[in-house]
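Student:
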Amino acid sequence: MPCESCAVQFSVFKRKRVCYECERYYCSGCLRRGGGAMCAPCRVLATRPLSRSSIAHLKVRDLQCFLQRQNVSTRGCVGQYPP
Numbered sequence: 001m002p003c004e005s006c007a008v009q010f011s012v013f014k015r016k017r018v019c020y021e022c023e024r025y026y027c028s029g030c031l032r033r034g035g036g037a038m039c040a041p042c043r044v045l046a047t048r049p050l051s052r053s054s055i056a057h058l059k060v061r062d063l064q065c066f067l068q069r070q071n072v073s074t075r076g077c078v079g080q081y082p083p
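Per the numbering used here, residue 1 is the first one in the sequence shown, and the count goes up by one each step.
1. Here's a check: name, in chain order, each residue in its chain whose Cβ is nearer than 8 Å to the Cβ of R69, leaving out the five neighbours to either side.
2. If you reduce the DSSP assignment to three classes, tell me which class P49 lands in.
3. Measure the C-alpha to C-alpha separation of Y25 and L31 and round it to an integer number of angstroms.
4. At what residues does the alpha helix (DSSP H) containing R61 begin and finish?
5. Checking 8 Å against the spacing of the C-beta atoms, do P41 and L67 come in under that value?
6. Looking only at DSSP bridge pairs, what is C27 linked to?
7. What's the C-alpha gap between F10 and V18?
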């Protein structure tokens, strides 16, 4: 199972850390870059007020994971592309 952000394989030197918001696995370097025990996508989604431009830069998978963690169904969701 590789890091969700940089895809490095975990080892003795690259330790596995868990984001406390989405509970996905990141290497210690990527989770530390995001600050604290929260990954960068969760940090964007946790800030208020939400910025449309910052959400637009996230991956669909990150948004789906966040919504499912909040018990929001993603069934039937359709993405909208900017004009």
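C-beta: ideal position from N, C-alpha, C; glycine also.
Tutor: Per the coordinate set shown:
1. E21, C22 and E23
2. coil
3. 9 Å
4. Annotation for R61: the continuous alpha helix (DSSP H) segment containing it runs V60 to R69.
5. no
6. K16
7. Between the alpha carbons of F10 and V18 lies a distance of about 12 Å.
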